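Visitor: Structure incoming, see below.
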Amino acid sequence: MMLQILLIFTYLLGITVAADCAEYKTCSSCVNGTVGCGWCLEENKCSTSADCKTVYFLKDEPSNCPRQPDPNFPFNETLARNWVLPLCAAAYGTEPNVCIQKHVPTATYYDRVEVVCDEFKKLGDNCSAYTSYDKSLQQIIVTFRGSAGKYEMFIEFLSIVNHKDDFFGTGKVYDYFHTAFLKIWQPQLQTQFRALRKVFPGYKVLVIGHSLGGALAALGAAYIAKVEGVPGKDIRLITFGEPRVGDKNFADYLETTIPSSYRVVHQLDPIPRLPPKLSIFDMVHHRTELWYQNDMTPGKKYDICPYQDLDGTCANTKQAWVFGDHTSYYHPPAAIPAWGRGGC
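Numbering (mature numbering (1 follows the signal peptide of the UniProt record, and there is no 0)), first residue to last: -18 to -1, 1 to 326.
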């Protein structure tokens, strides 16, 4: 008799919870609402897990609710392809101005810095960045270089077992990226940036990078907002093949502070899938991912991912790796590092 009463009570409770869930019409209100409710992604409704017919059931994860980029800060593919990519490639050369003059003649090169950025100096692990500005677009540009060679790639891989550091109250980021950023930013790059801000106080700030440069660019954008005090709406972040950089708090900070943050991912590029998205690493990509499932030649389409690094969605749906995809964003004449070293 008691068992029957318990079963009836459980059934009635399930009906009540399901009815409560149906009252929530948005994902954010649903996952923050009644206990037991979650958002069915494919069905686009609030329900219980038992009523959700798909595997994509969000619960207590408001940051992963589908969200499109702020329409006031849209992604400009033409700018990314013809302007930002050559500037990123230029960082691989010792004279960035050669590439800049060929492909972005409206931009003016300012200065470059290169430092040993890891504690194992015998490996020759250098990081580099340069600054420039564009009067026609009224932008100060900070460009971080990607991986210079096999030693950097090796140390970047090893960094997944290192601890994370607090990054100026924005969240925690991997120790290797944190150390590399501080060594390249203070004092040389910071001095360049502040000098340009003094000359062009009303200019927007564009922070860009490929590969390791993308990780450093993400830190740079967060630092410029948090420490340098530049309003987030005046900062643009565009990266190519950026690895996971920090924890969820850091991802949330970038998304809420800098609405114009875009991560471009090329097909099966392995680097954006590292470090692995496992609980032991506690790493989360920031929005907004733009995923090209093609060779990225002109006219090819891309997907705007509405989620924050959600398993089984966007680039996370593919586990195969093609390293060539990492060096061929927007189909340059050669691999991006070689193209840049050769003067573009």
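Just so it is clear, CB atoms sit at the ideal spot from N, CA and C, and this is done for glycine as well.
Predicted, not measured: the structure shown is a model, and the values here were computed from it.
#1: Short of 7 Å in beta carbon distance, which residues of its chain neighbour G322, apart from the five on each side in sequence? Order them along the chain.
#2: Among S193, A162, L119, G214, which has the Cα closest to the Cα of Y185?
#3: Tell me T221's beta-bridge partners as DSSP assigns them.
#4: Which value, in whole angstroms, describes the spacing of the CA atoms of R63 and Y312?
#5: Just the Cα atoms here: how many angstroms apart are K146 and A197?
#6: In angstroms, rounded to a whole number, what distance separates the CA positions of I122 and I240?
#7: In chain order, which alpha helix (DSSP H) runs of at least 4 residues are fully inside the segment 61 to 88?
#8: Let me know if F126 comes out buried or exposed under the rule of 16 or more other beta-carbons within 10 Å of its beta-carbon.
#9: Is it buried or exposed for T60, if we count other Cβ within 10 angstroms and need 16 for buried?
#10: Determine the burial state of I262: buried for a count of at least 16 other Cβ atoms within 10 Å of its Cβ, exposed for fewer.
#11: Going by the beta-carbon positions, is the gap between R245 and E271 smaller than 9 Å?
#12: Q121 lies in the beta strand (DSSP E); which residues open and close that run?
#13: Which same chain residues end up closer than 7 Å to L250 when comparing Cβ atoms and leaving out the 5 residues on each side of it in sequence?
#14: For K104, count the other beta carbons within 10 Å of its own beta carbon; 16 or more makes it buried, fewer makes it exposed. Which is it?
Guide: So, from the listed chains and residues:
#1: A71, A72, A73, Y74, G75, C81
#2: L119
#3: G191, R245
#4: 6 Å
#5: 14 Å
#6: 16 Å
#7: 67 to 72, 78 to 85
#8: buried
#9: exposed
#10: exposed
#11: yes
#12: 121 to 126
#13: K300, A302, W303, V304, D307
#14: Its pLDDT being 44, under 50, K104 is placed unreliably in this model, and the coordinates cannot settle the point.
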